[in-house]
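Data block below; observations after.
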Amino acid sequence: MNTNRLLANLNPEQREAVTLPTGPALVLAGAGSGKTRVLVHRIAWRIETEDTPPQSVLAVTFTNKAAREMRARVLTLVGPRAQSMWLGTFHSMAYRILSRHAREAGLRPDFTILDEDDQRRLIRQLIRERQWDEREFPPALAQWYINQKKDAGMRASQVPDGVGREDRALRDLYQGYEMKLRSLGAADFAELLFCCHDLWQKQPALLESYQARFREILVDEFQDTNTLQYLWFRTLTGTSGNPFVVGDDDQAIYGWRGGRVEHVLRFPKDFEGTRVIRLEQNYRSSGAILSAANALIAHNPSRLGKTLWTASETGERPVYFTADDELEEADYIVTRIQQALSGGQPAGTIAILYRSNAQSRVIEESLVRHEIAYRIYGGVRFFERSEIKDTLAYLRLMTDPENDSAFERVFNVPTRGLGDRTFERVREHARQEGRSLAASALAIAQPKAVSADRSARALRGFLELLADMREAIRPLNLAGQVERVIALSRLAEFYQTDDPLRAETRIESLAELVNAAAGYEPDPEMESTPAEFSGLMAFLGQMALATEPESRPGKSDEIQLMSLHAAKGLEFHTVFITGLEEGLLPHSRATETAGGLEEERRLFYVGITRAERQLYLTRARRRRLHGHYIDTLPSRFLLEIPADQLESGEPRIVTRTARSRVQHRFPNTDPGLPVTIGQRVRHPRFGEGVVLSHEGSGDHCRIHVRFEGSGAKWLLWDQAHLETLES
DNA sequence: AACACCTGTGTTTTT
DNA sequence: CACAGGTGTT
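If you want it as structure tokens, here you go:
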């Protein structure tokens, strides 16, 4: 076997890490030092040279996206037999394990995973049951409290006695929440790890079987692991596994979500004989960009200490530009982008980064005015959209008719004459009998002698609908089932009447869900129970842990817009970091907490180190915030980069008159298109708007329009009946 | 149950 | 300012 191939393009440190003998290993990998490459090659190396069976490999990443990418790269190196390794997020790994032992872990066999929304709804319910004042105990705060404890690996019983009344109340609520979850047999995200961990503690033999199986355990982005994840990982690794973790303390940016950099320091203490390897050569950025990054991060007192160097040329200094306001800032950025694009630079190599998503709006508007295509990451996530959750709830009721949260969700969606009173009746019955909502509904709906009870009839209608649906989809394939459930539930019609402004976008999402089902490939490792709807069950399980449908290829001809957090792990030729102002970066809320400032600095550091060749730092003297303008101060972080390492951007590149001029030109870029980017259009219902972008061409193309008042929507040209307007 | 009004909120994000 | 979510009215 040609193993040299695996080492050919690695530097000595990378090679050392990849070829380390068994035993715990910690790789401190600076930004752009080939972290993922080391991880991927390590896996390949173990499989190819040590004859490690792929199924004894478990690799954990921070996001699904990173997992997909890593899997693809390992497969390229090792071939299809690597398919059998376990590679995914902490949560998806725990879910895989739990779904084989659900009952033993105290969960329903086909348990639901509650997302943030479901969780908040449950907590609100508990607060109301206790008749607490929701202003004194905001559900969001309680939720934050509970998740924080869970992320720290604490059950309610382990939370130390608080001093105040409020502390005790919150702890009590946490306890109530735990009981509620257990009675539902459901799990929230943290619970997946927690439950799995508890199960291992309860059943040492089971733990041993997993320890025996997973000989190689690798963790990416180790600096962002929270305590619960760390405990889970440490338990699974035990004393015999070979942990291989990769991280960068300078890129720890999830402290607010429980991430603890300290785990990096703790690792060598918990795992005796840990070999530490540092990767300090940066292959990504030019010398000038790297110097700025190094100068900035040197201001963080608590660091493991690591200085990145590069063999690349110095390149151009980062440019710093101060605009009068956020409009000018946006126009400056767009002007620079136009210059780059006209010089032949592909749009996909340019990124605009910001601290908070709200900042994107002004920039988007400027991009639209200048007819530049862009793609924005973040915002409302696919699986959090209400239409998706409604549909998933119906689907869940197909596989698990007694699922209370799904039942509650679609009880009166679409409206079918079932109001709060009926629901309370059902819930009360369920509480008394200890049955599920569906079973109680059935009992209540029984026709009593001569019953003209309207709600009982409506209830029967609902139950019959579910039963009919179950029959109707039985013989269909997965995509067909999803499609049929959407049709039979009449959700589309409901959205149309409920909120016509959003109906079109919502129906588009539903179509995308059907697509996701059509493209779904079952996890071969998952227990394939012969139960009916087992395919649907597996699909729902996977969807609960997903954020985006998989079929969304990024286009290379669009400018990339995203938050600094979302940019982690990515790289771009040209990067704009915007809003370098006190209060924004560092964020005002972050300066209050201990360590918050350091985390903000790391966030800026992450942003800087995304840039390969060109970096722009921009700021506005005054910025509109919550309605009115406030004067700003430059970010303190700017002063931490020596002035001679920055270039001053040309002021006033764009004038207001230039802005209004561009607004009136509409060159037709694509002759196949019925409209042009930037053109004004009128929709029979939504009114007037501006065309932002398009997909496809001809009469069947989809176009993206920002309407005045009702926001941006995707429309099908041949169905939307748009009227084009002269500007 | 549907609609109009009101009020609070407004970081980052994954799962 | 802009929007979501909740409350109150019909």
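So the working numbering is basically just the index in the first sequence, starting at one, shifted up by 21. Beta carbons are placed, not taken as given, at the ideal position from N, Cα and C, and that holds for glycine.
Nearest-angstrom Cβ-Cβ length linking residue i and residue j, presumed shorter than 8 Å
i      : j      : result
GLY276 : GLU620 : 5 Å
LEU213 : HIS112 : 5 Å
ALA87  : GLY540 : Actually they do not touch by this definition, with Cβ atoms about 20 Å apart.
GLY600 : ARG376 : 6 Å
PHE593 : ALA632 : 7 Å
ASP131 : THR420 : 6 Å
THR57  : PHE83  : No, THR57 and PHE83 are not in contact; Cβ-Cβ is about 11 Å, not under 8 Å.
ALA46  : ARG236 : Wrong, their Cβ atoms sit about 14 Å apart, outside the cutoff.
GLY279 : GLN169 : 7 Å
ASN625 : LEU286 : First, the residue type needs correcting, since residue 625 is Phe and not Asn in the sequence shown. Actually they are not in contact, since the Cβ atoms of PHE625 and LEU286 sit about 23 Å apart, beyond 8 Å.
GLU423 : SER457 : 4 Å
LEU582 : ARG396 : 7 Å
PHE342 : THR639 : 5 Å
CA-to-CA distance, residue j to residue i, given in whole angstroms
i      : j      : result
LEU605 : THR260 : 45 Å
ALA679 : ALA641 : Summary for ALA679: the model assigns pLDDT 37, below 50, so the residue's position carries little reliability; its value from the coordinates is reported in the next sentence. Going from the Cα of ALA679 to the Cα of ALA641 covers about 19 Å.
THR335 : ALA309 : 5 Å
GLN302 : LEU329 : 6 Å
PRO688 : VAL702 : Residue confidence for PRO688 is low, a pLDDT of 31 falling below 50, so the modelled location carries little weight and cannot support an answer.
ALA314 : LEU300 : 16 Å
ALA177 : ARG234 : 32 Å
GLY44  : VAL267 : 14 Å
LEU667 : ARG305 : 19 Å
PRO663 : ARG338 : 12 Å
ARG92  : LEU28  : 19 Å
SER363 : ARG94  : 34 Å
ARG36  : PRO289 : 21 Å
ARG478 : ALA466 : 7 Å
GLU492 : ARG448 : 26 Å
LEU220 : ASP652 : 55 Å
ARG124 : LYS171 : 21 Å
ILE167 : CYS217 : 18 Å
PRO367 : LEU746 : 31 Å
Neighbourhood of residue i by C-beta, 8 Å cutoff - its chain only, sequence neighbours within 5 removed
i      : result
SER681 : Confidence at SER681 is low in this model, with a pLDDT of 35, below 50, so its placement is unreliable and no value can be given for it.
SER530 : PHE403, ARG406, GLU408 and ILE409
PHE515 : VAL434, PRO435 and THR436
ASN25  : none
Cut-off 7 Å between Cβ atoms - residues of its own chain near residue i, not counting five sequence neighbours on either side
i      : result
ARG255 : ASP291
ALA538 : LEU499, ALA500, VAL503 and PHE560
ARG686 : Only weak support exists for where ARG686 lies, its pLDDT of 28 falling under 50; the value from the coordinates is given anyway. Closer than 7 Å at Cβ, skipping near neighbours: no residue.
GLY562 : TYR116 and SER120
VAL282 : GLN244, ASP270 and ALA273
ALA361 : ILE371 and THR595
GLY262 : GLN232, PHE235, ARG236 and ILE238
ARG446 : ILE465
PHE444 : PHE432
Bridge partner(s) assigned by DSSP for residue i
i      : result
VAL48  : VAL267 and ILE298
TRP107 : LEU79
ARG640 : THR343
PHE593 : ALA632
TRP330 : GLN302
GLY280 : ASN247
THR745 : VAL702
SER669 : TYR341
LEU135 : ASP209
ILE64  : In the DSSP output, where bridge partners are listed per residue, ILE64 has none listed.
PRO33  : DSSP output for PRO33 lists no bridge partner at all.
Cutoff 6 Å; reference residue i; Cβ partners in own chain excluding five residues on either side
i      : result
SER307 : SER333, GLY336 and ARG634
ALA427 : ALA414, ARG417 and LEU418
PHE158 : ILE148
VAL99  : ALA65 and ILE68
THR370 : PHE593 and HIS594
ALA173 : THR248
ALA344 : GLU350, TYR353 and ALA641
Residue span of the beta strand (DSSP E) that contains residue i, given as start and end
i      : result
ILE580 : 580 to 584
ALA372 : 371 to 375
ARG396 : 395 to 397
TYR14  : Outside the shown range of the chain (22 to 748) lies residue 14, about which nothing can therefore be said.
Terminal residues of the alpha helix (DSSP H) in which residue i lies
i      : result
LEU28  : 25 to 28
ILE238 : Run containing ILE238: none in the alpha helix (DSSP H); it sits in the beta strand (DSSP E), 237 to 240.
ASN310 : Looking at the sequence provided, one finds Ile at residue 310 rather than Asn. Element bounds for ILE310: 308 to 318.
LEU218 : Sequence check: residue 218 is His here, not Leu. Note, HIS218: alpha helix (DSSP H), 210 to 223.
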